[in-house]
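Asker: Below is the structure I would like to discuss, written out as structure tokens.
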Amino acid sequence: MGPSNGAIYNPENTKFQAFGSKSWVVQKYIENPLLIINRKFDIRAWVLVASWNPLQIYLYKDCYIRFSASDYDPKNVKNLFMHLTNNSISKHCSEKQTSYFAENMWSLDQFKTYLSSQFQKEELWESKLLPQMKDIIKLSMLSAWSKVDWRENSIGLYGYDVLIDSDLKMWLLEINLCPTMEHSTKVTKHLVPKMMEDLCKVIIDGKELPEEGIKKSTGDYDLIYEGVRVREALKNKTDFCIEGRRITK
-8 MGPSNGAIYN PENTKFQAFG SKSWVVQKYI ENPLLIINRK FDIRAWVLVA
42 SWNPLQIYLY KDCYIRFSAS DYDPKNVKNL FMHLTNNSIS KHCSEKQTSY
92 FAENMWSLDQ FKTYLSSQFQ KEELWESKLL PQMKDIIKLS MLSAWSKVDW
142 RENSIGLYGY DVLIDSDLKM WLLEINLCPT MEHSTKVTKH LVPKMMEDLC
192 KVIIDGKELP EEGIKKSTGD YDLIYEGVRV REALKNKTDF CIEGRRITK
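What follows is the structure, given as structure tokens:
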């Protein structure tokens, strides 16, 4: 619970007080995270809303995996380096890192290779995990859709952080309004420029009228949801009411 740099609230020994007018989101801690060689991790995915009305949601195919900087110990809630995977946190850890967790980050291909070796099942990402991620993205966007100002040609790029538990169930951790574009690791140095180039293919090239029979390229952005256009007058109609009157002859 807390801002983007992360915090853990332990109700047994900590009294929490929110100051000022900030809003806080409280969520239950996942006690059984899937671990990779005793390291906790989460997955950062880029999600592009290319249009709000009709709602068009694109998922960038190349996610990346972020590791905690220390081995996981559920009994130790004070060490943020073992519980949080944010690069803004882990980069301050003084522990010597192994080459296996270089820069505390993996590409999606590295993660797929690990899944295949550990679970002896090909295409586990595509068959079990990716469908869960798409459902999380679609449901979360649809839940907030009616509250968004549907300005023409308005887009949004979001950073979804999800966690996988030991039962291979995926959980939404948070949605970042301004996901980092830093080239802070070898993984992001490779991914970020390509992702931004593909984003332009969707929002700029995609606006052009395609030649007959030719489909415009969206790069590695995959359209996972497209709704129907809704009349603006129907949006947020909070003053709607039903009034009954007695009919007299």
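Under this note's numbering, the sequence shown has 4 at position 13, and the numbering climbs by one with no breaks. Glycine included, C-beta positions come from ideal geometry on N, C-alpha and C. Quantities reported herein were computed from a predicted structural model and do not represent experimental measurements.
1) Between the C-alpha atoms of S175 and N78, what's the straight-line distance to the nearest angstrom?
2) Indicate the three-state DSSP secondary structure (helix, strand or coil) for W141 in the structure shown.
3) Just to confirm before moving on: does the CB-CB distance between I27 and Y151 stay below 8 Å?
4) Which residues in the same chain as M172 place their Cβ atom closer than 6 Å to its Cβ, once the five residues preceding and following it in sequence are excluded?
5) Can you list, in chain order, the stretches of the beta strand (DSSP E) that have 3 or more residues and sit fully within the segment 155 to 227?
6) Within the chosen definition, does the segment 189 to 197 reach the segment 55 to 66 through at least 3 CB pairs nearer than 8 Å?
7) Between the segment 24 to 44 and the segment 154 to 163, do three or more beta carbon pairs fall short of 8 Å?
8) So does the segment 135 to 142 actually touch the segment 90 to 98, counting three or more Cβ pairs closer than 8 Å?
9) DSSP puts Q47 in a beta bridge; with which residues?
10) Between which two residues does the alpha helix (DSSP H) carrying I128 extend?
11) Quick one: grab the DSSP three-state call for A93.
12) Just to confirm the assignment, what range does the beta strand (DSSP E) spanning Y20 have?
13) DSSP three-state call for P(-6): helix, strand or coil?
14) Hey, how far is the Cα of I128 from the Cα of L115?
15) For Y63, which beta-bridge partners are listed by DSSP?
16) Nearest to L46 by alpha carbon, out of K207, M187, R142 and I238?
17) Does the Cβ-Cβ distance between Y212 and Y51 come in under 8 Å?
18) Among the candidates I21, A41 and Q111, whose CA atom is the shortest distance from the CA of G197?
19) So what does DSSP say about L71, is it helix, strand or coil?
20) Is the separation between the beta-carbon of M96 and that of Q123 shorter than 8 Å?
21) Can you determine whether any heavy atom of the ligand FMN sits closer than 7 Å to the C-beta of T76, and answer yes or no?
Answerer: Quick look at the numbers:
1) Taking the straight line from one Cα to the other gives about 9 Å.
2) Coil.
3) No, they are not a contact pair.
4) Hits under 6 Å: V183.
5) Whole beta strand (DSSP E) segments, 3+ residues: 161 to 167 and 212 to 217.
6) When Cβ pairs closer than 8 Å are counted between the two stretches, the segment 189 to 197 is seen not to touch the segment 55 to 66, the count staying below three.
7) Between the segment 24 to 44 and the segment 154 to 163 there are three or more inter-stretch CB-CB distances shorter than 8 Å, so the stretches are counted as touching.
8) As far as the Cβ criterion goes, the segment 135 to 142 does not touch the segment 90 to 98, which means the pair count is below three.
9) DSSP output for Q47 lists S42 and E217 as bridge partner(s).
10) Where I128 is concerned, the enclosing alpha helix (DSSP H) starts and stops at L121 to W136.
11) In the three-state DSSP reduction, A93 falls in the helix class (H, G or I).
12) Unbroken run through Y20: none, as it is neither H nor E.
13) Since pLDDT at P(-6) reaches only 42, below the 50 mark, its modelled position is unreliable, and the value read off the structure follows with that caveat. Taken through DSSP and simplified to helix, strand or coil, P(-6) comes out as coil.
14) Rounded to whole angstroms, I128 to L115 spans 19 Å at the Cα level.
15) None; Y63 has no bridge partner.
16) Among K207, M187, R142 and I238, the Cα nearest to that of L46 is on R142.
17) Yes. Within cutoff.
18) Considering only alpha carbons, the answer is A41.
19) Taken through DSSP and simplified to helix, strand or coil, L71 comes out as helix.
20) No, these two residues do not count as a Cβ contact at 8 Å.
21) Ligands are entirely absent from the displayed structure, and the ligand FMN is therefore not among its contents.
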